[in-house]
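>
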Amino acid sequence: MALIARISSKGQATIPKRARQALGLKPGDLHLTELEADGSLRLRKVAPSDLSANPLSCQHGSPSSDPADP
90 MALIARISSK GQATIPKRAR QALGLKPGDL HLTELEADGS LRLRKVAPSD
140 LSANPLSCQH GSPSSDPADP
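So the sequence shown is residues 90 to 159, counted in the numbering used here.
(1) Which whole-angstrom value is the C-beta distance of L160 and T122, which I expect to be below 8 Å?
(2) Which stretch, first to last residue, makes up the beta strand (DSSP E) that contains R133?
(3) Determine, using beta carbons only, whether L119 and V135 come nearer to each other than 8 Å.
(4) Following the continuous alpha helix (DSSP H) through L112, name the residue where it begins and the one where it ends.
Okay, here's the thing in C-alpha coordinates:
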(Lines of atoms letter the chains of each structure in order from A and count residues from 1; the text may use other names and numbers.)
(Lines give C-alpha, C1' and ligand atoms only; values in the text may rest on other atoms or scores of the structure.)
Protein backbone atom coordinates (compact mmCIF):
# COMPACT_ATOMS: atom_id res chain seq x y z
CA MET A 1 0.00 0.00 0.00
CA ALA A 2 1.46 3.36 -1.01
CA LEU A 3 -0.20 6.50 0.34
CA ILE A 4 0.81 10.16 0.13
CA ALA A 5 0.74 12.56 3.09
CA ARG A 6 1.78 16.21 3.30
CA ILE A 7 4.15 17.54 5.99
CA SER A 8 2.73 20.52 7.92
CA SER A 9 4.68 23.65 8.86
CA LYS A 10 5.15 22.05 12.30
CA GLY A 11 6.79 18.97 10.75
CA GLN A 12 3.72 16.79 11.33
CA ALA A 13 2.29 14.27 8.88
CA THR A 14 -1.19 12.83 8.98
CA ILE A 15 -1.27 9.05 8.76
CA PRO A 16 -3.86 8.33 6.05
CA LYS A 17 -7.06 6.63 7.23
CA ARG A 18 -6.41 3.43 5.24
CA ALA A 19 -2.98 3.06 6.89
CA ARG A 20 -4.40 3.75 10.39
CA GLN A 21 -7.07 1.12 9.80
CA ALA A 22 -4.54 -1.42 8.48
CA LEU A 23 -2.32 -0.90 11.55
CA GLY A 24 -5.24 -0.73 13.98
CA LEU A 25 -4.09 2.71 15.18
CA LYS A 26 -6.52 4.72 17.29
CA PRO A 27 -6.19 8.20 18.87
CA GLY A 28 -3.67 8.05 21.71
CA ASP A 29 -1.90 4.92 20.41
CA LEU A 30 1.88 4.94 20.16
CA HIS A 31 3.74 4.06 16.99
CA LEU A 32 7.38 3.46 16.22
CA THR A 33 8.94 5.31 13.28
CA GLU A 34 12.19 3.82 12.01
CA LEU A 35 14.48 5.47 9.46
CA GLU A 36 15.84 2.79 7.13
CA ALA A 37 19.30 2.86 5.50
CA ASP A 38 17.71 3.47 2.09
CA GLY A 39 16.03 6.67 3.37
CA SER A 40 12.57 5.17 3.75
CA LEU A 41 10.50 5.27 6.94
CA ARG A 42 8.89 2.28 8.58
CA LEU A 43 5.88 2.82 10.83
CA ARG A 44 4.49 0.20 13.18
CA LYS A 45 2.11 0.15 16.11
CA VAL A 46 3.71 -0.18 19.55
CA ALA A 47 1.96 -2.75 21.71
CA PRO A 48 1.68 -2.04 25.46
CA SER A 49 3.65 -5.25 26.06
CA ASP A 50 6.57 -3.76 24.07
CA LEU A 51 6.75 -0.87 26.55
CA SER A 52 6.38 -2.96 29.68
CA ALA A 53 9.17 -5.32 28.58
CA ASN A 54 11.64 -2.46 28.01
CA PRO A 55 10.19 1.01 28.72
CA LEU A 56 13.48 2.77 27.93
CA SER A 57 13.67 1.35 24.42
CA CYS A 58 11.08 3.83 23.15
CA GLN A 59 12.16 7.45 22.65
CA HIS A 60 9.48 10.10 22.35
CA GLY A 61 10.23 12.89 19.93
CA SER A 62 8.73 15.93 18.32
CA PRO A 63 9.74 18.10 15.39
CA SER A 64 11.26 20.66 17.76
CA SER A 65 13.47 18.04 19.46
CA ASP A 66 15.09 16.85 16.22
CA PRO A 67 18.76 17.93 16.29
CA ALA A 68 18.85 17.90 12.48
CA ASP A 69 16.27 20.71 12.30
CA PRO A 70 17.63 24.26 12.19
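All residues carry an ideal CB built from backbone N, CA and C; glycine is no exception.
Let's see:
(1) The first residue shown for the chain is 90 and the last is 159, placing residue 160 beyond what the model contains.
(2) Run containing R133: L130 to K134, per the beta strand (DSSP E) assignment.
(3) yes
(4) K106 to L112
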